[in-house]
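Counting along the sequence shown from 1, when you hit position 78 you're at 81 in the numbering used here, and nothing is skipped either side.
A virtual CB, placed ideally from N, CA and C, is assigned to each residue, including glycine.
Written out below as structure tokens is the structure these notes cover.
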Amino acid sequence: MGELSKLPNIGKAVEAQLNQVGITSYEELKETGSKEAWLMIKKIDPSACINRLLALEGAIRGVKKADLAEDIKTEFKEFYKLHK
Numbered sequence: 004m005g006e007l008s009k010l011p012n013i014g015k016a017v018e019a020q021l022n023q024v025g026i027t028s029y030e031e032l033k034e035t036g037s038k039e040a041w042l043m044i045k046k047i048d049p050s051a052c053i054n055r056l057l058a059l060e061g062a063i064r065g066v067k068k069a070d071l072a073e074d075i076k077t078e079f080k081e082f083y084k085l086h087k
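In structure tokens:
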């Protein structure tokens, strides 16, 4: 396991996808942002869902995706609807 899988919500599979799209560190993930990182993953894995998007945002914020504020979840659900 690498650095990314030590973050909340990031397991080996998501870490591998992040690495595949060129994101290999927390700093790169934070700089890229969860929405852009998710779009990059979606290009290589069309099954990328809302849960993965929320997981990436939670990882950046250092919290489990379930603990994201409701307004954040709503914002990301709207983004997901536009890009699914």
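- Shortest Cα-Cα distance from CYS52 to any of TRP41, GLU60, ALA16 involves TRP41.
- Take LYS76, set aside five residues on each side of it, and the residues of its chain with a beta-carbon closer than 8 angstroms to its own are LEU57, in chain order.
- Ranked by how close their Cα comes to the Cα of THR27, the residues GLY65, GLU6, LEU59 have GLU6 in first place.
- Looking at HIS86, ASN12, ASP48, the one whose alpha-carbon comes closest to that of VAL24 is ASP48.
- Closest option to ILE44, judged by alpha-carbon separation, among ARG64, GLN20, PRO11, GLU30: GLN20.
- Relative to GLY36, the option among LYS68, GLY14, ILE63 whose CA is nearest is ILE63.
- With a cutoff of 8 angstroms on beta-carbon distance, GLU81 and LEU71 are scored as not near each other.
- VAL24 sits in coil when the DSSP states are folded into three classes, being neither helix nor strand.
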